[in-house]
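Student: Numbering (full-length UniProt numbering), first residue to last: 1 to 293.
Could you have a look at this structure, given as structure tokens, before my questions?
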Amino acid sequence: MDQATLIAVGLPAALFLIMVGMGLTLTPKDFREVLVAPRATLYGLVAQILLLPMVGVGLALWLDLSPALAVGLVVIAACPGGTTSNLFAFLGRGDVALSIVLTVAASLITIVTLPMFTSWALGHFQDSERVLELPILRTIITLFVIILVPVILGMTLRHFRRDWAEKGEKMVSVFGLLVLVVVIALLLIDLGEEALVLLKQGGAAVILLNVVGLALGMLGGRLIGLDRPQAFTVAIELGIKNGTLGLMITLTLLQSEAMSVPAAVYGVLMFLFGFLMLGYSRVTGIGRPRTAT
Numbered sequence: 001m002d003q004a005t006l007i008a009v010g011l012p013a014a015l016f017l018i019m020v021g022m023g024l025t026l027t028p029k030d031f032r033e034v035l036v037a038p039r040a041t042l043y044g045l046v047a048q049i050l051l052l053p054m055v056g057v058g059l060a061l062w063l064d065l066s067p068a069l070a071v072g073l074v075v076i077a078a079c080p081g082g083t084t085s086n087l088f089a090f091l092g093r094g095d096v097a098l099s100i101v102l103t104v105a106a107s108l109i110t111i112v113t114l115p116m117f118t119s120w121a122l123g124h125f126q127d128s129e130r131v132l133e134l135p136i137l138r139t140i141i142t143l144f145v146i147i148l149v150p151v152i153l154g155m156t157l158r159h160f161r162r163d164w165a166e167k168g169e170k171m172v173s174v175f176g177l178l179v180l181v182v183v184i185a186l187l188l189i190d191l192g193e194e195a196l197v198l199l200k201q202g203g204a205a206v207i208l209l210n211v212v213g214l215a216l217g218m219l220g221g222r223l224i225g226l227d228r229p230q231a232f233t234v235a236i237e238l239g240i241k242n243g244t245l246g247l248m249i250t251l252t253l254l255q256s257e258a259m260s261v262p263a264a265v266y267g268v269l270m271f272l273f274g275f276l277m278l279g280y281s282r283v284t285g286i287g288r289p290r291t292a293t
């Protein structure tokens, strides 16, 4: 399998399996969190599907990014949280149920909002000499097939064979991380020296996007009255994104390696920031049984 085939076929297939893995962690009762803690859920969703994409647009304009990098930054900003965010929420003693609900709900909503933001970014940032359009209907169908369908499959498998689900869940999480590493490595190899230029241009934007996302979760969450574990969880959801989905959009639907750079860089740096958040959680005692507050 050559590199083009790996990206065009292997990446969507890998994402499908990763989303099955998410479904393996879910039961219908997990979705009751939407009603139990509506403030945290609603704020987390608004921040993911509306506020952070707007931040991405603002950063692209402020930093005067090239058209390709600007579109790529908006794409990754509009992507939902990734399945790894649930693991980080667990390790950081956050609200795991909230993390799962936010990941799944945002993934479903972005079936519509991600194509909208991407299409707008293409029209606003593109060079007039190069016309590139996002196939809206194809994108919606693709996202439906690789997000909603596998999640339902995973939940169904968990319902009938819980033992299989518990084993498969761990394997899929590792598989997802490996896929991300392989795709990023292939991108860097194919871009060659151009990768260094793009990394220098887009690195600052990606770092700022991640920092602002974490701040929206922690500071914004506390300002609206969320407790510390909930605010931490929203921050993790905003910081640990579905980088594989961002790569699939830019590489298979938009067919642009330059546009994929922000997603690739974000996919690496988000783990660094994620581990920093875990350190913050441990130092400050987020989620620790309350003997005193």
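All C-beta atoms, glycine included, are put in the ideal place defined by N, C-alpha and C.
Remember, it's a predicted structure, so these values are computed and weren't measured experimentally.
1. When DSSP builds the beta bridges, which residues end up paired with Gly81?
2. Closest by CA to Asn86, which one among Pro115, Thr233, Gln126, Phe160?
3. From Arg228 to Ala97, what does the alpha carbon distance come to, in whole angstroms?
4. So which of Phe117, Ile100, Ala40, Ala106 has the shortest CA-CA distance to Ala70?
5. Quick check on DSSP: helix, strand or coil for Leu278?
6. Thinking C-beta only, is Ala263 closer than 8 Å to Val75?
7. Between Leu157 and Gly267, what straight-line distance do the alpha-carbon atoms span, to the nearest angstrom?
8. Rounded C-beta distance between Leu52 and Leu65? I'm assuming under 8 Å.
9. Give the range of the alpha helix (DSSP H) segment to which Ala105 is assigned.
10. Which residue from Gln255, Arg161, Ile18 puts its Cα closest to that of Gln145?
11. Identify whether Gln48 lies in helix, strand or coil by the three-state DSSP scheme.
12. How many Å lie between Gly202 and Ala258 at the Cα?
13. Can you grab the Cα-Cα spacing for the pair Val283 / Leu214, in whole Å?
14. Return helix, strand or coil for Gln255, following the three-state DSSP convention.
15. So Val55 and Ala77 are supposed to be a Cβ contact under 8 Å. How far apart are they, rounded?
16. What residue from Ile286, Asn210, Val101, Val265 has the CA that sits closest to Pro28's CA?
17. Exposed or buried, what is Ile49 when buried is set at 16 or more other beta-carbons lying within 10 Å of its beta-carbon?
18. Which residues in the same chain as Tyr43 place their Cβ atom closer than 8 Å to its Cβ, once the five residues preceding and following it in sequence are excluded?
19. Along the chain, where does the alpha helix (DSSP H) containing Met218 start, and where does it finish?
20. Going by alpha carbons, who is nearest to Leu122 out of Leu254, Glu237, Gly285, Leu269?
21. Should Met277 and Gly246 be called a contact, given that it needs their Cβ atoms to be closer than 8 Å?
22. With DSSP collapsed to three states, give me the class of Arg228.
23. Closest to Val211 by C-alpha separation, out of Leu269, Gly94, Ala89, Ser107, would be which residue?
24. Got a sec, what are the start and stop residues for the alpha helix (DSSP H) Pro150 sits in?
25. For Phe16, which residues of its own chain have a beta-carbon under 7 Å away from its beta-carbon, when the five flanking residues on both sides are left out?
26. Helix, strand or coil, according to DSSP, for Thr25 in the structure here?
Tutor: The short version:
1. Residue numbering aside, residue 81 sits at position 81 when the sequence shown is read from its first letter. Gly81 pairs with Lys241.
2. Working through the sequence shown from its first residue, we reach residue 86 at position 86. Residue Thr233 is the option with its Cα nearest to Asn86.
3. Counting from one through the sequence shown, the residue named residue 228 turns up at place 228. Counting from one through the sequence shown, the residue named residue 97 turns up at place 97. Going from the Cα of Arg228 to the Cα of Ala97 covers about 15 Å.
4. The residue labelled residue 70 in the question sits at position 70 within the sequence shown. The residue with the shortest Cα to Cα distance from Ala70 is Phe117.
5. As a first step, residue 278 is located in the sequence shown; it is residue number 278 there, counting from the start. In this structure, Leu278 counts as helix in the three-state DSSP scheme.
6. Within the sequence shown, residue 75 is the residue found at index 75, counting from 1. Within the sequence shown, residue 263 is the residue found at index 263, counting from 1. Their beta carbons are under 8 Å apart, which means Val75 touches Ala263 by this criterion.
7. If you number the sequence shown from 1, residue 157 lands on position 157. If you number the sequence shown from 1, residue 267 lands on position 267. For Leu157 and Gly267, the distance between alpha carbons rounds to 29 Å.
8. The count along the sequence shown starts at 1 and reaches residue 52 at position 52. The count along the sequence shown starts at 1 and reaches residue 65 at position 65. With 8 Å as the limit, Leu52 and Leu65 do not qualify as a contact, their Cβ atoms being about 16 Å apart.
9. Counted from its first residue, the sequence shown places residue 105 at position 105. 96-125 is the span of the alpha helix (DSSP H), which, as asked, contains Ala105.
10. Counting from 1 along the sequence shown, the entry for residue 145 is found at position 145. The sequence shown places Val at residue 145, rather than the Gln named in the question. Out of Gln255, Arg161, Ile18, Ile18 has the C-alpha closest to the C-alpha of Val145.
11. On the sequence shown, residue 48 is found 48 positions in, with the first residue counted as 1. DSSP places Gln48 in helix when its eight states are reduced to three.
12. Taking the sequence shown and counting its residues from 1, the one referred to as residue 202 is at position 202. Taking the sequence shown and counting its residues from 1, the one referred to as residue 258 is at position 258. Using only the alpha carbons, I get a separation of about 10 Å.
13. Residue 283 sits at position 283 when you count from the first residue of the sequence shown. Residue 214 sits at position 214 when you count from the first residue of the sequence shown. The straight-line gap from Cα to Cα measures roughly 17 Å.
14. If you number the sequence shown from 1, residue 255 lands on position 255. In the structure shown, Gln255 sits in coil (DSSP, three-state: anything other than H, G, I, E or B).
15. In the sequence shown, counting from the first residue as 1, residue 55 sits at position 55. In the sequence shown, counting from the first residue as 1, residue 77 sits at position 77. The Cβ separation is near 6 Å, so the contact holds.
16. Here the question's residue 28 lines up with position 28 in the sequence shown. If we check each option's Cα against that of Pro28, Val101 comes out closest.
17. What you label residue 49 is simply residue 49 of the sequence shown in a count that begins at 1. When all chains shown are included, Ile49 counts as buried.
18. Here residue 43 is taken as the residue at index 43 of the sequence shown, counted from 1. Here the set comprises Gly220, Gly221, Ile224, Leu226, Val234.
19. Counted from its first residue, the sequence shown places residue 218 at position 218. Careful: Met218 lies outside any alpha helix (DSSP H) and carries neither H nor E.
20. Residue 122 sits at position 122 when you count from the first residue of the sequence shown. It is Leu254.
21. One-based indexing of the sequence shown puts residue 277 at position 277. One-based indexing of the sequence shown puts residue 246 at position 246. Not a contact, by the Cβ cut-off of 8 Å.
22. Here residue 228 refers to the residue found at position 228 of the sequence shown. It is helical.
23. As a working mapping, residue 211 is identified with position 211 in the sequence shown. Val211 has its Cα closest to that of Leu269, out of Leu269, Gly94, Ala89, Ser107.
24. Counting from 1 along the sequence shown, the entry for residue 150 is found at position 150. Start and end: 149-160.
25. Position 16 of the sequence shown holds residue 16. Here the set comprises Ile146, Pro150.
26. The residue you call residue 25 lines up with position 25 of the sequence shown. Looking at Thr25 - three-state DSSP - the assignment turns out to be coil, as it is neither helix nor strand.
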